Amino acid sequence: IEQLRGLPMNVGTLEEFIDEDHCIVSSTMGPEYYVPIMSFVDKDQLEPNSSVLLNHRGMSIVGIMQDDVDPLLNVMKVEKAPLESYADIGGLETQIQEIKEAVELPLTHPEVYEDMGIKPPK
Numbered sequence: 001i002e003q004l005r006g007l008p009m010n011v012g013t014l015e016e017f018i019d020e021d022h023c024i025v026s027s028t029m030g031p032e033y034y035v036p037i038m039s040f041v042d043k044d045q046l047e048p049n050s051s052v053l054l055n056h057r058g059m060s061i062v063g064i065m066q067d068d069v070d071p072l073l074n075v076m077k078v079e080k081a082p083l084e085s086y087a088d089i090g091g092l093e094t095q096i097q098e099i100k101e102a103v104e105l106p107l108t109h110p111e112v113y114e115d116m117g118i119k120p121p122k
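Under UniProt numbering, the residue at position 33 of the sequence shown is numbered 33, and the numbers go up by one with no gaps.
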């Protein structure tokens, strides 16, 4: 059990139960997974939207995050995508352009950087 709970672990959100031993979990990286619930996890404490600990190798639920967890961890979680767009931000055209060039462009069009002989930033 200690090896399964060994570090590092991923944090996910329980979305829905499939059966008594399996559920759908969304990871902090975005995708959803069909995962087993390990037998040593207290299933009575599991409920939709609870934060769970996932074994990084098998993507199985090995623990439940309690409410007394470091709040800095919860601050880093993105609950929902923001609804604001660049059009909602006024007077920051230069900064918006810099963000687009530094963040969006390397992800959406890495070939632009490669054509110039520059490795796109990650």
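No residue lacks a Cβ here, since even glycine has one placed at the ideal position from N, Cα and C. This one's a predicted model, so the numbers in the text were calculated from it and none came from an experiment.
Going by the CB atoms, is the gap between V62 and residue 150 shorter than 8 Å?
Limits of the chain in this structure are 1 at one end and 122 at the other, which puts residue 150 out of reach.
Measuring alpha carbon to alpha carbon, tell me which of E104, P36, A102, M65 ends up nearest S50.
M65
If you count every other CB in all the chains shown that lies within 10 Å of the CB of L107, and 16 or more means buried, which is it?
exposed
For S60 and G91, what's the separation of their Cα atoms in angstroms?
47 Å
Tell me whether the beta-carbon of E20 lies closer than 8 Å to the beta-carbon of P48.
no
C-beta contact flag for S27 and Y33 at 8 Å:
Result yes, Cβ atoms of S27 and Y33 sit closer than 8 Å.
How long is the line joining the alpha carbons of H109 and G117, rounded to whole angstroms?
14 Å
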